[in-house]
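Novice:
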Amino acid sequence: MRFSLFLNHSALALSLSIATSMFSNAQARVYEYTFTDINGAQKSVPESAPYLNPHGNFNALLIGGLDQQIRLTVTRDADNSAVYSTTTSIISVDDRISSANGNMFYGKTVTIPPISDGRYTIKSEILDSKSTVVSTTSHPFIIDTVGPTSDNFSVPWIPGYNMVVTGPRWELGQGQESAINLAIKNINDLSGFDKAIVQIIKPDGSIQSSYTMAYDDGSRAATAPITKGGGAIAKATWMPVSDADVEFRFRAFLYDKAGNVTQVPDQKFVFDSSAGEYELFAVADPNSSTK
């Protein structure tokens, strides 16, 4: 039994030694960030996707070699000023770190105090036992605790007809063969826009349907079809079947890459999903003998 335990501990130590050697010798660096986000959820964010929305402090998990120290400096990109700096104690065999994806390595976890929203650079300098810099790596990251901003709902273009797309309640219909789109314009966000989901809300507050809006980075606008267009007089599949006698609401949520969400103010509307009715009629011909 003791021999078996010895082998297990030896295998673990060897694995950690190999893993740390691979990381520290090739690229001593920040591995991931951990924090409680502004919604109270526990998050682990890899260094490769450094969009953070912490509620207060956040942690940087650092990879380093045994008998080394790490000097960490956080710099604000806007003015190149250092907002935080610290030097860890020497890394020992007790400094085993387990990441969110299950990887284990030797290193240190550094708790960084709250800093304001903005773009930053985190620099980690590996120091040997004589405080000589062995290697230096720098990584950008963004603190973003505010959701996207945008204009309210709009319908950029309608093909004539008696549709109303201003005021507290819109009156929408099929229009003609051209497509009619719902839009949210001027979307802005520090960490970058992720997605927009629009819902149709029934009078009782339940969800009729939802749609992931298309986003155009150039115009910074998200759109969803109201009608299909393309030569067909037909509603978009997610729009309700209605005779303009039920008041619905458009409701949208904008998400950014840091995990923040903004709700766009609701827009009331009625919708006529019919393409119109055809009525047969006759014109009298006075020269006809048909009665």
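Residues -26 to -1, 1 to 265 in mature numbering (1 follows the signal peptide of the UniProt record, and there is no 0) are what the sequence shown lists, from first letter to last.
Beta carbons are placed, not taken as given, at the ideal position from N, Cα and C, and that holds for glycine.
From I154 to T49, what distance separates their C-alpha atoms?
Specialist: By one-based count along the sequence shown, residue 154 stands at place 180. By one-based count along the sequence shown, residue 49 stands at place 75. Approximately 47 angstroms, taken between the alpha carbons.
Novice: So, at 6 angstroms on beta carbons, what are the nonlocal neighbours of Y189 in its own chain, with the 5 sequence-adjacent residues on each side left out?
Specialist: On the sequence shown, residue 189 is found 215 positions in, with the first residue counted as 1. A196, listed in sequence order.
Novice: Within the same chain, show all residues whose beta-carbon is closer than 6 angstroms to that of G30, passing over the 5 residues directly before and after it, in chain order.
Specialist: Numbered from its first residue, the sequence shown carries residue 30 at position 56. Once the five neighbours on either side are set aside, the close Cβ partners of G30 are P88.
Novice: Please identify the residue among L36, S180, M187, T95 whose C-alpha is closest to the C-alpha of K169.
Specialist: If you number the sequence shown from 1, residue 169 lands on position 195. Ranking L36, S180, M187, T95 by Cα distance to K169 puts M187 first.
Novice: Touching or not, the stretch 159 to 167 and the stretch 226 to 236, by the rule of three or more beta carbon pairs under 8 angstroms?
Specialist: Segments in contact, yes.
Novice: Quick one: any contact between the stretch 103 to 118 and the stretch 68 to 82, if contact means 3 or more CB pairs under 8 angstroms?
Specialist: These segments do not touch.
Novice: If you draw a straight line from the alpha carbon of P130 to that of F222, how long is it in whole angstroms?
Specialist: By one-based count along the sequence shown, residue 130 stands at place 156. By one-based count along the sequence shown, residue 222 stands at place 248. Distance between the alpha carbons of P130 and F222: 20 angstroms.
Novice: Looking at Q43: is its Cβ nearer than 8 angstroms to the Cβ of T61?
Specialist: Here residue 43 refers to the residue found at position 69 when the sequence shown is read from its first residue. Here residue 61 refers to the residue found at position 87 when the sequence shown is read from its first residue. Going by C-beta atoms, Q43 is nearer than 8 angstroms to T61.
Novice: What residues in its chain sit with their C-beta under 6 angstroms from that of L35, if we drop five residues either side in the sequence?
Specialist: Position 61 of the sequence shown holds residue 35. Y5, E6, I71, T83, listed in sequence order.
Novice: Terminal residues of the continuous beta strand (DSSP E) containing N126?
Specialist: Locating residue 126 in the sequence shown gives position 152, where the first residue counts as 1. Run containing N126: none; DSSP gives neither H nor E here.
Novice: So the candidates are F227, S152, P122, Q241; which of them puts its Cα closest to the Cα of A210?
Specialist: Working through the sequence shown from its first residue, we reach residue 210 at position 236. When each option's Cα is compared against that of A210, the closest is S152.
Novice: Just confirm the distance between the C-beta atoms of F224 and L156, as a whole number of angstroms; I'd bet it's less than 8 angstroms.
Specialist: The sequence position of residue 224 within the sequence shown is 250, counting from 1. The sequence position of residue 156 within the sequence shown is 182, counting from 1. 7 angstroms between Cβ atoms; contact.
Novice: According to the neighbour-count rule (16 or more other Cβ atoms, all chains shown, within 10 Å of its Cβ), is N27 buried or exposed?
Specialist: Your numbering for residue 27 matches position 53 in the sequence shown. N27 is buried by the Cβ-count criterion.
Novice: Can you tell me whether DSSP reads I37 as helix, strand or coil?
Specialist: By one-based count along the sequence shown, residue 37 stands at place 63. DSSP places I37 in strand when its eight states are reduced to three.
Novice: If we call anything under 8 angstroms between Cβ atoms a contact, is G81 one with I65?
Specialist: Within the sequence shown, the letter at position 107 stands for residue 81. Within the sequence shown, the letter at position 91 stands for residue 65. In this structure, I65 lies closer than 8 angstroms to G81 by Cβ.
Novice: Sort out for me which residues DSSP pairs residue 266 with in a bridge.
Specialist: Any answer about residue 266 is impossible in this case: the structure gives the chain only from -26 up to 265.
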